[in-house]
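In terms of this note's numbering, the sequence shown opens at residue 3 and continues consecutively.
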Amino acid sequence: MRHNNRAATAPWIRTRLRTAPGAATALAVLVLVTAFLAAAFPRAVDAYETKGLRHDIRTADASRGVLEVARPQPGLELPQGQRDAEVRSPELGRVGAGLLKALPAPLRADPSSVAYGVRTTKPAVADEPWLPRPDAVPPKLSYAAQSGLKDHATLASGAWPTTPREVTSDSREVQGAVTEETAAELKVKVGATVELLTAAQEPITVTITGIVAPRDPRGSYWSADPLLRTPSLVPDPEAPFPVYYWTGTVLLAEDAGPALLSTAAEPVLYWRIPPDPSGLTGRDGARLTSVIASLESGPGLLKVRETAGETAVFATGLGHIVEANARMRDAISPVIAVAALGIGSVAAVVLLMTGALIAARRRGELALMRSRGGSLRGIGGRLLAETAVTVLPASALGLLLAVLAVGDARWWPGALAAAGVGLLVCVALPLRTTLQHIRPMLHGAREDMVSARPSRRRTVAELTLLVLAAGAVTALRRRGTSSDSGTDLLVSAAPVLVALIAALVLVRLYPLPLRLATRPMARLRGAIGFLSLARAGRSSAGGALPLLALLLALATAAFGGSVIAGIGDARDDAALAAVGADARVSGVSEQTTLPDELIRTVRDLDGVRGVAPLRIEHSVALPEAVAGDGGANGGGADTDTSTGTATGSGSGEDVGAAAIVGVDPARYAELARATGLPAFPAARLKATGPSAPLPEGTEAGPDRVLPAIASPAVAARLGKEPQALDTLSGNFKVQVVGTTPRVASVSTTNFLIVNSAALEQQAPTTLLLTGAPDPGKLHAAVEGSGKEYAAHLRSEERARYVNTPMQAGAERIYLAAVAAGAGYALLAVLLSLLQTAPERKTLLARLRTMGLTTGQGRRLLAFEATPQALLAAGGGLFTGWATIALLSPGVDLVPLALAGVAGSDTSPVPLRTDLWSLGLPAAGVVALAAAVAGVQAWWASRRGSITELRAGDSR
């Protein structure tokens with residue numbers, strides 16, 4: 003009988019996890035959070051790109067997004083029966099079903115809104131005397147026999163149009179219907195008849211049997227051709243002077259299409275197919291563009307013609323929608339890449355710092371194993387297995403949480419990112435730990451950053467990194483940050499490059515001020531200052547790795563905060579430029595003047611602080627540009643006090659017309675101060691003598707010279723001498739006395755501002771308000787004065803800049819980047835302080851035996867942490883500022899702030915440094931370092947010195 007006399011051994015991994023459960027749990031939580039962020043980022047990008055593409059297609063006008071296949075009427079050489087059969091519903095429906103099947107992926111149709119039929123392309127004159135004639139011109143109507151009328155409308159009155167007998171090309175009586183809007187504008191009633199002439203001038207009587215109400219007026223069925231739903235008053239292009247007439251559409255019975263074949267209104271067969279974006283993803287944009295191009299003029303069109311006929315054509319505006327979406331995505335991607343690369347780099351550095359902390363804590367344990375014959379391979383394998391047991395489940399859980407949190411995205415980019423986090427920790431921690439024990443380690447002298455001399459290898463490595471990073475930044479600065487080829491990794495790596503340069507330089511320069519400060523501190527009577535500086539110089543918390551993590555985190559947070567602040571500022575500026583003040587009251591037409599009663603009513607509303615009346619006249623012709631020196635002498639409304647020297651061939655040559663803005667100088671100057679517009683020199687418009695203000699309605703001669711504040715281009719054109727103007731407010735001369743780049747409530751950059759009291763016609767056309775009036779009361783007051791007046795509020799205009807899914811997704815990513823940057827920065831501070839925590843506790847215990855008080859210990863640790871915190875904060879401020887200065891020339895925030903809003907100002911919005919985003923994280927680093935030092939001193943004071951000072955302790 004054999005006996006196993008070997009001693010039982012406990013499994014290594016289980017023993018280690020039971021011995022240090024706190025460290026294992028903390029590492030797992032850090033890996034979990036990092037893996038979640040790494041996996042969520044690509045999924046969030048995929049999600050907002052997918053939602054953005056679907057949103058753009060769904061919200062686009064149906065006339066742009068619908069897919070339309072059309073072909074002319076059947077040829078006259080065909081038998082009449084065959085021609086009639088081809089335009090009836092069964093045959094049109096068969097062709098429509100074939101077209102739906104022929105659509106190539108990823109293009110898919112919404113079958114519930116597909117419409118087909120026959121329509122006229124040449125409007126026919128309707129001479130019925132009961133139809134309205136605004137300028138004595140009869141209306142012109144189109145006719146359409148479209149499928150699915152009963153499914154997409156409700157019957158408001160009358161009956162549905164039907165075909166009591168089969169309709170052919172010889173039929174001369176058909177039934178039709180109109181929408182409620184068409185009936186209201188064209189005065190159509192149930193039972194009315196309209197005549198449509200055939201090519202032989204024989205009348206076809208169309209009897210209106212019903213009036214219908216669309217179920218979904220904005221859907222593709224009614225909006226692909228808006229005239230189906232709403233009539234329009236259009237100008238007659240053939241008239242010698244402006245005259246208008248009504249145009250609209252009469253909906254015939256579904257099978258009444260053959261009757262249109264006998265007309266001269268050029269009928270066509272059509273199939274309107276609305277796209278279904280629910281199955282599209284953001285990555286389908288390029289394929290979708292290619293497919294649409296093929297359907298318009300490529301192999302796809304040949305397949306369409308196999309189904310719809312050899313003369314069929316395919317038309318859609320969907321390609322332009324997809325291209326606009328791609329342009330916005332390409333504009334946003336480089337900005338997002340900066341955040342991704344910055345946060346990814348700081349996360350990697352923090353994970354390496356965590357490995358360094360664990361390695362430092364286990365240095366004695368592993369040195370003992372090495373001294374007792376442990377091989378590097380065996381130690382590294384055990385560490386790898388120990389780390390993998392904790393890290394890999396945490397990475398998998400982080401990936402699972404990212405998948406649950408962010409949907410509508412591909413799974414493999416997130417899986418690769420989470421796997422990369424787990425692999426980095428599993429590989430870096432064993433390597434970082436085992437490489438320290440290649441040679442036997444003896445307890446040597448303590449590290450002192452002040453007196454230490456870096457090795458030649460380290461010096462060469464640092465210089466190499468410094469030269470490479472500086473060269474990359476120089477190349478980036480020379481060639482600019484704009485890129486037409488998508489995301490540029492060199493641009494995206496700007497925060498990393500700047501932080502790397504700053505970290506290498508600051509670590510080398512850090513000992514210099516400490517040496518200078520230590521000498522005077524040594525002469526003082528107190529020991530706290532000297533000890534704190536000595537400890538700061540010997541601490542490893544100020545190494546390159548912790549400093550690099552802090553600089554990266556602070557730079558990324560500053561860049562992200564500046565982007566978010568810039569978006570808000572751009573939207574505020576755009577709303578102010580559109581409205582002109584906090585609120586604006588004006589006429590619907592440009593020449594409508596505001597009555598005094600309306601002005602008094604609005605001025606007395608609660609919340610209105612100031613009122614500035616303006617008289618605005620657009621497109622006033624300017625005289626020819628002056629030759630020789632031009633411009634206005636004296637101060638302007640901005641820091642540019644004059645237009646300088648301009649010639650007739652300068653910028654003023656292209657300015658043919660300008661807006662004349664009559665203002666009350668004092669009130670307008672107050673408005674400019676309240677709304678943040680450039681300072682306005684009201685004193686320059688207070689004309690005297692022949693230019694003095696006129697009583698209301700008084701005529702003045704054309705030789706009156708009015709002082710004017712002009713835009714730079716207009717000032718350059720008019721020059722210094724008085725120039726004559728003919729306006730609706732009177733004929734006079736103007737002399738430019740200053741310039742300003744902007745004027746409230748006028749979008750054009752060419753304008754002249756004069757004193758409204760000096761004009762013959764002084765009635766204001768616009769009223770600008772400052773303050774916070776109640777929107778409901780303001781609209782009610784304006785509407786009570788008549789429909790010809792309208793009110794616009796800055797807050798309502800600001801609300802128009804609602805984020806599209808792509809913009810909202812990009813903003814959320816940047817908010818997450820700012821939060822993650824701040825979190826990793828704080829974590830880097832904690833890790834750097836925890837690495838030297840045992841040494842500080844031992845120091846406090848030893849000093850307490852020499853009479854150090856608790857307050858002195860708290861100050862000692864706070865002063866010790868201050869130099870490293872100030873170094874990181876100052877470096878973070880510089881790194882953030884340098885990153886923004888480096889990238890701002892190529893960053894335009896318009897796609898993030900204003901894209902997709904009709905009528906918004908799309909001039910470039912540059913990136914500007916946000917002081918709060920730059921200063922708050924840096925201040926947080928200093929505050930956290932001081933707080934941690936204070937907490938550690940308090941905690942150490944609660945424990946006895948005997949606990950810390952053990953015999954044989956080498957600390």
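Where a beta carbon is used, it is the ideal one built from N, C-alpha and C, also for glycine.
Could you check what DSSP says for N752 in three-state terms: helix, strand or coil?
Residue state, collapsed to three classes: coil.
What residue range is occupied by the uninterrupted alpha helix (DSSP H) comprising G54?
Its alpha helix (DSSP H) spans residues P23 to T61.
From G638 to L708, what distance separates their C-alpha atoms?
Summary for G638: the model assigns pLDDT 42, below 50, so the residue's position carries little reliability; its value from the coordinates is reported in the next sentence. Distance between the alpha carbons of G638 and L708: 16 Å.
Between the beta-carbon of V657 and the beta-carbon of A715, is there less than 9 Å?
Going by C-beta atoms, V657 is nearer than 9 Å to A715.
Label Q870 either buried or exposed according to how many other C-beta atoms from any shown protein chain fall within 10 Å of its C-beta, with 16 as the threshold for buried.
Buried: at least 16 other Cβ atoms inside 10 Å.
Take the Cβ of G446 as the centre, count every other Cβ of all protein chains shown within 10 Å, and call the residue buried at 16 or more, exposed below.
For G446, the predicted model reports a pLDDT of 48, less than 50, meaning its position is unreliable and no value from the coordinates is stated.
By DSSP, does T649 sit in helix, in strand, or in coil?
Low confidence applies to T649: its pLDDT is 33, below 50, so where it sits in the model is not reliable, and the reading given next is rough at best. Of the three classes helix, strand and coil, the one that applies to T649 here is coil, per DSSP.
Taking the C-alpha atoms as reference points, what is the distance between R602 and V613?
The alpha-carbon atoms of R602 and V613 are separated by roughly 10 Å.
Run the CB neighbour count on F880, radius 10 Å, all protein chains shown included, and call it buried at 16 or more, exposed below.
Its Cβ being crowded by 16 or more others within 10 Å, F880 is buried.
By Cβ distance below 7 Å, which residues in the same chain neighbour V937 in space, the five residues on each side in sequence not counted?
Contacts found: none.
I'd like to know if the segment 31–49 and the segment 809–819 are in contact, where contact means that at least 3 CB-CB pairs between them fall below 8 Å.
Cβ pair count under 8 Å is three or more, so yes.
Measure the alpha-carbon distance for E312 versus Q75 and round it to whole angstroms.
Cα to Cα, E312 sits roughly 12 Å from Q75.
For L94 and A404, I'd like the C-alpha separation in whole angstroms.
Rounded to whole angstroms, L94 to A404 spans 48 Å at the Cα level.
Buried or exposed: L235, going by 16 or more other Cβ atoms within 10 Å of its Cβ?
Label assigned to L235: exposed.
Measure the C-alpha to C-alpha separation of A317 and P777 and round it to an integer number of angstroms.
C-alpha separation (whole angstroms): 44 Å.
In whole angstroms, what separates the C-alpha of A111 from that of I275?
Roughly 6 Å between the two C-alpha positions.
Applying the 10 Å Cβ sphere with the 16-neighbour rule, what's the burial state of I886?
Classification of I886: buried, given that the 10 Å Cβ count is 16 or more.
Among the residues of its own chain, which have a CB less than 6 Å from the CB of F734, if the five just before and after it don't count?
The answer, listed in chain order, is R706 and L708.
Take I503 as the anchor and find which of A774, D218, Q763 and A884 has the nearest alpha-carbon.
Of the candidates A774, D218, Q763 and A884, the one whose C-alpha sits nearest the C-alpha of I503 is A884.
Starting from G732, follow the beta strand (DSSP E) in both directions and report where the run begins and ends.
Here the beta strand (DSSP E) through G732 covers G732 to T741.
State whether the segment 563–573 contacts the segment 842–850, with contact taken as three or more CB pairs (one from each stretch) at a distance under 8 Å.
No, the segment 563–573 does not touch the segment 842–850.
Can you find the residues in the same chain that come closer than 8 Å, C-beta to C-beta, to A684, ignoring five residues on each side of it along the sequence?
Result list for A684: P667, A668, Y670 and A671, in chain order.
Taking L465 as the reference, give the member of S494, V427, V509 and I440 with the closest Cα.
Closest option to L465, Cα to Cα, is V509.
Ignore the nearest five residues each way along the sequence and tell me which others in A557's own chain have a CB closer than 7 Å to its CB.
Answer for A557: G344, P497, V500, A501, G878, T881, G882 and T885, listed in chain order.
Assign G916 to one of three DSSP states: helix, strand, or coil.
Note on residue identity: the sequence assigns Asp, not Gly, to residue 916. Here D916 sits in coil by DSSP.
State buried or exposed for K843, treating a residue as buried only when at least 16 other CB atoms are found within 10 Å of its CB.
Result: buried.
Could you check what DSSP says for Y803 in three-state terms: helix, strand or coil?
Coil.
Mapping the DSSP letters down to three states, classify W413 as helix, strand or coil.
If DSSP states are grouped into helix, strand and coil, W413 belongs with coil.
Excluding the five sequence neighbours on either side, which residues of its own chain have a C-beta within less than 7 Å of the C-beta of G98, listed in chain order?
Only V116, Y118 and W273 meet the Cβ criterion.
Could you tell me the distance, in whole angstroms, from the CA atom of L687 to the CA atom of S591?
For L687 and S591, the distance between alpha carbons rounds to 28 Å.
When the Cα of A529 is compared with those of A62, S91 and M852, which residue comes out closest?
Of the candidates A62, S91 and M852, the one whose C-alpha sits nearest the C-alpha of A529 is M852.
Between the segment 240–251 and the segment 134–141, do three or more beta carbon pairs fall short of 8 Å?
Cβ pair count under 8 Å is three or more, so yes.
Have a look at P269, P163, E197 and K152 and flag the residue whose alpha-carbon is nearest the alpha-carbon of P216.
Nearest C-alpha to P216: K152.
Going by beta carbon distance, what residues of the same chain come within less than 6 Å of A577, once the five residues before and after it are set aside?
Correct list, in chain order: R796, E799 and R800.
Please give the ranges of any alpha helix (DSSP H) in the segment 806–856, keeping only runs that are unbroken, at least 4 residues long and fully inside the region.
As far as the segment 806–856 is concerned, its whole alpha helix (DSSP H) runs of at least 4 residues are 807–837 and 839–851.
What first and last residue would you give for the beta strand (DSSP E) that runs through K142?
It spans K142 to Q148 - the beta strand (DSSP E) in which K142 sits, taken as one unbroken run.
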